[in-house]
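Protein chains in written order, with my numbering: chain A, 37 to 167; chain U, 228 to 415.
C-beta atoms are modelled at their ideal positions from N, C-alpha and C, and glycine is treated no differently.
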């Protein structure tokens, strides 16, 4: 039996994460991180939203970008799945559709890092169905 | 859906929409009965008798964004194709439980798939819901809950990417270890 990760080892990750976060916050608004919501309804899951989500978790962490990834249900853009909503600090949220791994990479490099809009934006009604 | 984990991710969405504060996900394998059973239960608002009867109908949905609801019918179909079945119990105010059973060694049964990614995502992407996960193979179990994770994390956010990645690996490794202890059976 090898050594498996356990809740006890999570404590070490927690300490590491804590110290990195303190460096980043520096008196800034603690909500100053990128908020990403991945649509995870049946249409999304069937078209590969989970792969996009896994990719974003790995890549954002690798590139040192402080982001919070949560999920939303069907936003009604089933024809354009996978879809993700990206909200940069202080900006309105933007919904991207047809997100494959290549586009996810572009969204990270261009939009999240530089605020440069990328192809595939879906114009949003401001009232979300589940609100 | 190519993996059972994706069905779980999908059905859990129903629980979230029903306002669940807690979602229990349990997967159990029984070699002696040649059975794999998935139960997803929640304490959300539940369904009345009429809604419950129509829940597995692909042309019925409680959503307003469109007119089809494929999650439950797809799961029901896959269970039936694998020699099993899907059952739903629910009542208003008492939550819902979806139970899907599959013949463990049926040639058409999909693999469980990336359950680590699925459960870690459900936990961290829905910080206000307590997810309770348990995997059982014959008499051995392993599980974890959002509450337990929060206790270890203290003030560190459950949405921290390092935490997400760690949980994904932790759940995958420990679940795989359970299935590895089976003798003479496929890992699926």
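On the premise that residue j lies in contact with residue i, defined as a C-beta separation below 8 Å, what is that separation, rounded to the nearest angstrom?
i, j, result
"residue 298/U", "residue 240/U", "7 Å"
"residue 105/A", "residue 132/A", "Going by Cβ atoms, the distance from residue 105/A to residue 132/A rounds to 14 Å, so no, they are not a contact pair."
"residue 369/U", "residue 394/U", "The Cβ separation is near 13 Å, so there is no contact."
"residue 328/U", "residue 233/U", "About 18 Å; that fails the 8 Å criterion."
"residue 74/A", "residue 389/U", "With 8 Å as the limit, residue 74/A and residue 389/U do not qualify as a contact, their Cβ atoms being about 19 Å apart."
"residue 385/U", "residue 248/U", "With a Cβ gap of about 15 Å, residue 385/U and residue 248/U do not count as contacting."
"residue 72/A", "residue 236/U", "With 8 Å as the limit, residue 72/A and residue 236/U do not qualify as a contact, their Cβ atoms being about 17 Å apart."
"residue 339/U", "residue 254/U", "7 Å"
Just curious, the beta strand (DSSP E) that residue i is in, first and last residue?
i, result
"residue 105/A", "103-108"
"residue 329/U", "323-330"
"residue 339/U", "Note, residue 339/U: premise wrong, no beta strand (DSSP E); not H, not E."
"residue 251/U", "249-257"
"residue 268/U", "262-269"
"residue 72/A", "70-75"
"residue 42/A", "Here residue 42/A belongs to no beta strand (DSSP E), and DSSP marks it neither H nor E."
"residue 317/U", "312-317"
"residue 117/A", "Careful: residue 117/A lies outside any beta strand (DSSP E) and carries neither H nor E."
"residue 132/A", "130-132"
Taking 8 Å as the CB-CB limit, is residue i close to chain U?
i, result
"residue 146/A", "no"
"residue 107/A", "yes"
"residue 96/A", "yes"
"residue 143/A", "no"
"residue 201/A", "The question about residue 201/A has no answer, for chain A in this structure spans 37 to 167."
"residue 90/A", "yes"
"residue 158/A", "no"
"residue 93/A", "yes"
"residue 149/A", "no"
"residue 140/A", "no"
"residue 103/A", "yes"
"residue 62/A", "A caution first: residue 62/A carries a pLDDT of 39, below 50, which makes its placement in the model unreliable, though a value can still be read off. Closer than 8 Å: no."
"residue 42/A", "yes"
To which residues of the same chain is residue i closer than 6 Å at the C-beta, ignoring the five residues directly before and after it?
i, result
"residue 135/A", "88, 118, 120"
"residue 142/A", "154"
"residue 380/U", "none"
"residue 68/A", "125"
Excluding the 5 residues flanking residue i on each side, which residues of the same chain have their C-beta closer than 7 Å to its C-beta?
i, result
"residue 152/A", "146"
"residue 61/A", "Only weak support exists for where residue 61/A lies, its pLDDT of 46 falling under 50; the value from the coordinates is given anyway. Once the five neighbours on either side are set aside, residue 61/A has no close Cβ partner at all."
"residue 321/U", "273"
"residue 270/U", "247, 248, 249, 322"
Could you please give the first and the last residue of the uninterrupted alpha helix (DSSP H) stretch that includes residue i?
i, result
"residue 240/U", "231-244"
"residue 81/A", "78-82"
"residue 95/A", "85-98"
"residue 281/U", "276-281"
"residue 304/U", "298-308"
Of all Cβ atoms in chain A, is any one closer than 8 Å to the Cβ of residue i?
i, result
"residue 313/U", "no"
"residue 267/U", "no"
"residue 287/U", "no"
"residue 251/U", "no"
"residue 327/U", "no"
"residue 374/U", "no"
"residue 411/U", "Because residue 411/U carries a pLDDT of 47, less than 50, the predicted location of this residue cannot be relied on, and no value is offered for it."
"residue 305/U", "no"
"residue 237/U", "yes"
* Asked: Could you give the uninterrupted runs of the alpha helix (DSSP H) lying entirely in the region 363-400 of chain U, keeping only those of 4 residues or more?
  -> 373-380
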